[in-house]
């Protein structure tokens, strides 16, 4: 029988949650790396036993952990992230030039085909690659150096490269997103990059339609339609059908188009999920009601999913990497909150139940669907 | 001359390095902050980058070095540490600075 394994990163350690295909009874293992912030964990699509984790601390810096047995045991690999050449400056919060400084790894994206190859998005924004399972890291510096880098500026959470999407049909095409610079694409394996932000409209920057400067919170893609991208921006839910060349808004009837997560159903490429958050100054659900919104039409028409979710006095947030879908026939949807709950739906979002209620604040949720 | 230096690490770094209690590292020649940390990182490579920057070798901002009731954090890294450390009578403490409430 199939099994699902949730990889949950929190402010104080990592947790591995497992269940069989019914997804009713869950085992909770952890905390791994207790006391450390675990920004993200992700398993290799090419080898489910290979999992990478970003372990970080304001005191002790960055560590990358690797498991070769499905998260039972871990070994630290290299934390030697050196920007290529003299990294130069980006904009600081006050608009002045500020030197690029490595702070942490926000997102790990293992190769779709090779367990030893992976990409990581870091703060201050850059993309690194390892081809030897994390023993050595090289920056794909064509991104940082393509020309707009000096104009990038940090969002409130730092200048982080938080989203990395690999095109399953084209190994040379990668999409990434940075807060607060925007989305970017390479079509030559990372050597050259271009901003893909046309159609975004951001009232919090001097030129709302600028080439860069947009605070993209997350992007998502269905693997069967690699030319279609969905974006949760600081405000606005957006869609592109030309690989990011142009975007249009699909916020439609959402009660708020501010939020962090966005994801796509495993088997229905036009079914999307977001969690509306009240505003950029009030990072919690509207009226204390935690609601996932689902669109079955690729955006614009959204329905609230509330069954099993708290509908009063709920003031948690759902951070950008804290939603995932499994690939079982009845698609499972999962998300974690800053209140330490991890919610699961085994029926595409119709009903929800908490797997755990009292973890540290959840930073990220990934899922592996195992045979 | 070889000195055996007693080093105490904060709990998070002991956990990372798989160390239960304090450790002893061997330092050849002058017992300086740099020599002690070089020896520590040689014995426990996983600690590289966690106490001082990998490239600049500067102490990370929220790390402190204490010994003999003194804060040695701002000592030049090549200055001699107190003799009691070199003699193994006092531990060289690597401390996570108090930050937050």
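Chains as they are written, first to last, in the numbering used here: chain E, 1 to 371; chain X, 372 to 472. Every residue, glycine too, gets a C-beta built ideally from N, C-alpha and C.
(1) At the 9 Å Cβ level, is residue 383/X part of the contact set with chain E, yes or no?
(2) Which of the residues in the segment 57-68 of chain E, read from start to end, lie with their CB under 8 Å from any CB of chain B?
(3) Is the CB of residue 34/E under 9 Å away from at least one CB in chain X?
(4) For a minimum of 3 consecutive residues, which ranges assigned as the beta strand (DSSP E) are wholly contained in the segment 193-257 of chain E?
(5) In terms of residue numbering, what span does the alpha helix (DSSP H) encompassing residue 414/X cover?
(6) Give the interface partners of residue 421/X over in chain E, defined as CB-CB distance under 9 Å, in chain order.
(7) Identify the contact partners of residue 387/X in chain E, using a Cβ-Cβ distance below 9 Å as the criterion.
(8) Compute every distance between the C-beta of residue 122/E and the non-hydrogen atoms of the ligand ZN, then say whether any falls below 8 Å.
(9) So which of 76/E, 87/E and 294/E has the shortest CA-CA distance to residue 144/E?
(10) Please say whether residue 230/E and residue 275/E have beta carbons closer to each other than 9 Å?
(11) Less than 9 Å between CB atoms is the rule here; does residue 407/X satisfy it with respect to chain E?
(12) Run through DSSP, which three-state label would residue 455/X get?
(13) Would you mind stating whether residue 363/E and residue 38/E have Cβ atoms separated by less than 9 Å?
(14) Beta-carbon separation of residue 377/E and residue 244/E under 9 Å?
(15) Determine the direct distance from the alpha carbon of residue 255/E to that of residue 405/E, and round the result to whole angstroms.
(16) Among 377/X, 427/X and 382/X, whose alpha-carbon lies nearest the alpha-carbon of residue 410/X?
(17) Kindly list the residues whose CB is nearer than 7 Å to the CB of residue 232/E, restricted to its own chain and excluding five residues on each side of it in sequence; keep chain order.
(18) In whole angstroms, what is the alpha-carbon distance linking residue 67/E and residue 454/X?
(19) Pop quiz: residue 20/E and residue 1/E are said to be a contact at Cβ under 8 Å. What is the actual Cβ separation, rounded to whole angstroms?
(20) Just the chain X side, please: which residues come within less than 7 Å of residue 82/E by C-beta, in chain order?
(21) Could you tell me which residues DSSP pairs with residue 323/E in its beta bridges?
(22) Using a Cβ-Cβ distance cut-off of 9 Å, determine whether residue 417/X contacts chain E.
(23) Please classify residue 287/E: does DSSP put it in a helix, a strand, or coil?
(24) Decide if the segment 147-163 of chain E is in contact with the segment 307-316 of chain E; the criterion is three or more beta carbon pairs, one per stretch, under 8 Å apart.
(25) Does any CB atom of chain E fall closer than 9 Å to the CB of residue 391/X?
(26) To which residues does DSSP link residue 42/E through a beta bridge?
(27) Would you grab the beta carbon distance between residue 386/X and residue 465/X for me? Rounded to a whole angstrom, and I think it's under 8 Å.
(28) Can you give me, in chain order, the residues of the segment 426-448 of chain X that have a beta carbon less than 8 Å from any beta carbon in chain E?
(29) Any beta-carbon of chain E closer than 9 Å to the one on residue 467/X?
(30) Whose CA, out of 182/E, 345/E and 50/E, lies closest to the CA of residue 114/E?
(31) Would you mind giving the Cβ-Cβ distance between residue 125/E and residue 46/E, rounded to the nearest angstrom? I have them listed as a contact below 8 Å.
(32) To which residues does DSSP link residue 9/E through a beta bridge?
(33) Whole angstroms is fine: what's the gap from residue 404/X's alpha carbon to residue 422/X's?
(34) In chain order, what residues of the same chain have a beta carbon less than 6 Å from the beta carbon of residue 225/E, not counting five sequence neighbours either side?
(35) Within the continuous beta strand (DSSP E) that includes residue 395/X, where are the two ends?
In short:
(1) Taking the first residue of the second chain as position 1, residue 383/X is located at position 12. So, interface residue.
(2) Included in the structure are the protein chains E and X, with no chain B among them.
(3) Taking the first chain and counting its residues from 1, the one referred to as residue 34/E is at position 34. Cβ-Cβ to chain X under 9 Å: yes for residue 34/E.
(4) Listed in chain order, the complete beta strand (DSSP E) runs (minimum 3 residues) inside the segment 193-257 of chain E are 216-221, 229-233 and 237-240.
(5) In the second chain, the residue the question calls residue 414/X occupies position 43. Where residue 414/X is concerned, the enclosing alpha helix (DSSP H) stretches over 404-414.
(6) Here residue 421/X refers to the residue found at position 50 when the second chain is read from its first residue. The answer, in chain order, is 57, 59, 60, 61, 62, 63 and 79.
(7) Here residue 387/X corresponds to residue number 16 of the second chain, with the count starting at 1. Simply 33, 36, 55, 60, 63 and 76.
(8) The model on display carries no ligand, and the ligand ZN is accordingly not part of it.
(9) As a working mapping, residue 144/E is identified with position 144 in the first chain. Considering only 76/E, 87/E and 294/E, the residue with the shortest C-alpha distance to residue 144/E is 87/E.
(10) Here residue 275/E refers to the residue found at position 275 of the first chain. Here residue 230/E refers to the residue found at position 230 of the first chain. No, the pair does not count as a contact, with Cβ atoms beyond the cut-off.
(11) Taking the second chain and counting its residues from 1, the one referred to as residue 407/X is at position 36. Contacts with chain E at 9 Å (Cβ-Cβ) do not include residue 407/X.
(12) The residue given as residue 455/X occupies position 84 in the second chain. The answer is helix: DSSP assigns residue 455/X an H, G or I state.
(13) Along the first chain, read from residue 1 onward, the residue named residue 363/E stands at position 363. Along the first chain, read from residue 1 onward, the residue named residue 38/E stands at position 38. Yes; because the gap between Cβ atoms is below 9 Å, this pair is in contact.
(14) Chain E is shown from 1 up to 371; residue 377/E falls before or after that span and cannot be answered.
(15) For residue 405/E there is no data in the structure shown, the boundaries of chain E being 1 and 371.
(16) Position 39 of the second chain, counted from the start, is the residue given in the question as residue 410/X. The shortest Cα separation from residue 410/X among 377/X, 427/X and 382/X belongs to 377/X.
(17) Translated into the one-based positions of the first chain, residue 232/E becomes position 232. Non-local C-beta neighbours of residue 232/E in its own chain, meaning closer than 7 Å and more than five positions away in sequence, comprise 217, 218, 259, 260, 261, 262 and 274, ordered along the chain.
(18) In the first chain, residue 67/E corresponds to position 67, counting from 1. In the second chain, residue 454/X corresponds to position 83, counting from 1. The straight-line gap from Cα to Cα measures roughly 43 Å.
(19) Mapped onto the first chain, residue 20/E falls at position 20. Mapped onto the first chain, residue 1/E falls at position 1. Yes, they are in contact, since the Cβ atoms of residue 20/E and residue 1/E sit about 5 Å apart, within 8 Å.
(20) On the first chain, residue 82/E is found 82 positions in, with the first residue counted as 1. Close to residue 82/E, with beta-carbon spacing below 7 Å, are these residues of chain X in chain order: 426.
(21) Locating residue 323/E in the first chain gives position 323, where the first residue counts as 1. Per DSSP, 335/E.
(22) Residue mapping note: residue 417/X aligns to position 46 of the second chain, counting from 1. It does: the Cβ of residue 417/X has a partner Cβ on chain E nearer than 9 Å.
(23) Stepping through the first chain from its first residue, residue 287/E is reached at position 287. Residue 287/E falls in the helix class under three-state DSSP.
(24) The segment 147-163 of chain E is not in contact with the segment 307-316 of chain E.
(25) Position 20 of the second chain holds residue 391/X. Residue 391/X does not count as touching chain E.
(26) Sequence index remark: in the first chain, residue 42/E carries index 42 (1-based). Partner residues in the beta bridge of residue 42/E, as assigned by DSSP, are 52/E.
(27) Indexing the second chain from 1 puts residue 386/X at position 15. Indexing the second chain from 1 puts residue 465/X at position 94. The pair is not a contact, with the Cβ atoms about 14 Å apart (cut-off 8 Å).
(28) 426, 431, 433 and 434
(29) Numbered from its first residue, the second chain carries residue 467/X at position 96. Cβ-Cβ to chain E under 9 Å: yes for residue 467/X.
(30) Walking along the first chain from the start, residue 114/E turns up at place 114. Nearest option by C-alpha distance: 50/E.
(31) Indexing the first chain from 1 puts residue 125/E at position 125. Indexing the first chain from 1 puts residue 46/E at position 46. Actually they are not in contact, since the Cβ atoms of residue 125/E and residue 46/E sit about 27 Å apart, beyond 8 Å.
(32) Locating residue 9/E in the first chain gives position 9, counting from the first residue. Answer is 14/E and 364/E, bridged to residue 9/E.
(33) Against the second chain, residue 404/X aligns to sequence position 33. Against the second chain, residue 422/X aligns to sequence position 51. Approximately 12 Å between the Cα atoms of the pair.
(34) Locating residue 225/E in the first chain gives position 225, counting from the first residue. 269, listed in sequence order.
(35) Locating residue 395/X in the second chain gives position 24, where the first residue counts as 1. Unbroken beta strand (DSSP E) run through residue 395/X: 394-399.
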